[in-house]
Amino acid sequence: MRFLITAGPTREPIDPVRFLSNRSSGRMGYALAEAARDAGHEVVLVTGPVQLPEPPGVIVRRVETARQMYEAVESEIVHAEVAIFAAAVADYRPASIQAHKIKKAEPSLMLALERTEDILGSARGRFGFRGILVGFAAETERLIEHAQDKLTRKGCDLIIANDVSQPGIGFDSQENAVTLCLPGGQTVVMPQQEKSTLARSLIEFITSLGHLRP
Ligand code: CTP
């Protein structure tokens, strides 16, 4: 099968030397790309800026901003049978990018932000994607409730939910523990383990979903 996987953070420029971003290391998305490749699948990885080597045998498309990630996904998703959105995409970006470095003049500074494109939320509608759609939900409270809501709103087959308030897992960590949320309210818990080990189980689980689809 052909997989499209997004990974890493996005960077939203403020001025020529500054940006808004987040703590995502990209490890979970890269581990998924490697696990899918190892299982014999073709993989396109759309990645924000990370400190990880490019996985051999994977087609890598590097992007910086949410808009660039949206455009890369829009052009790649038409070829994909499975799409996994593991990127930590910025939800907001500066409403305007200053042409010159902002100088410190005033004692406080207001930064106006605007919403970015919702890439996962565009998959079923705008992109017309009919394959297996997998999203992540990084939450600090009411994990399952938020994940189930995201699953329905975005037309996903699976949401991989992780509690980012727990130290040592999730964002910027080597390990992760997740709860899989499926349509109909079914959940499957995958306990804390190395992201590479978890990725192998996730790819196996995701490919098995293909048999359940009408
Ligand atoms: N995502 C995306 N594009 C965005 C924001 C998020 O594709 N602009 C994807 C992420 O890759 C992830 C999923 O959406 O798979 C969940 O992201 P999250 O920000 O937690 O969900 P939202 O639905 O935006 O909800 P909220 O921010 O209100 O929790």
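Each residue of the sequence shown is one higher than the one before, counting from 25 in our numbering.
Where a beta carbon is used, it is the ideal one built from N, C-alpha and C, also for glycine.
Model, not experiment: these values are computed from the prediction.
- Relative to the ligand CTP, even the nearest heavy atom lies 6 angstroms or more away from the CB of Asp181.
- Beta-bridge pairing by DSSP links Pro37 to Phe43.
- Pairwise C-beta distances place the segment 111 to 125 out of contact with the segment 165 to 177, as fewer than three of them are shorter than 8 angstroms.
- DSSP lists Val202 as the beta-bridge partner residues of Met214.
- A contact between stretches requires three or more CB pairs, one per stretch, nearer than 8 angstroms, and the segment 48 to 59 fails this requirement with the segment 130 to 149.
- Relative to the ligand CTP, Gly149 has its C-beta separated by 6 angstroms or more from all heavy atoms.
- At least one heavy atom of the ligand CTP is found less than 6 angstroms from the C-beta of Ile143.
- Collapsing the DSSP output to three states places Glu228 in a helix.
- Spatial neighbours of Gly159 in its own chain (CB-CB distance under 7 angstroms, excluding positions within 5 residues in sequence) are listed in chain order as Phe109, Leu144, Lys174, Lys178, Cys180 and Ile183.
- Proximity of the beta carbon of Ala111 to the ligand CTP is indicated: a heavy atom of the ligand is located closer than 6 angstroms.
- Listed in chain order, the non-local C-beta contacts of Gly81 below 6 angstroms within the same chain comprise Arg61, local neighbours out to five positions each way being set aside.
- In this structure, DSSP gives Gly208 a state outside helix and strand, which the three-state scheme calls coil.
- Residue pairing from DSSP places Phe27 in a beta bridge opposite Val67 and Val106.
- Within the segment 160 to 185, there are no complete beta strand (DSSP E) runs of at least 3 residues.
- The C-alpha of Arg150 lies about 15 angstroms from the C-alpha of Arg91.
- For the pair Thr34 and Val84, the CB atoms are not nearer than the 7 angstroms cut-off.
- If you draw a straight line from the Cα of Val68 to the Cα of Pro131, it is about 46 angstroms long.
- One thing to note: Ala111 has its Cβ no nearer than 7 angstroms to the Cβ of Ala201.
- With a cutoff of 6 angstroms, Lys219 does not count as near the ligand CTP, since its C-beta is closer than that to no heavy atom of the ligand.
- If you draw a straight line from the Cα of Phe195 to the Cα of Val87, it is about 19 angstroms long.
- By the C-beta density criterion, Val212 is exposed, having fewer than 16 other C-beta atoms within 10 angstroms.
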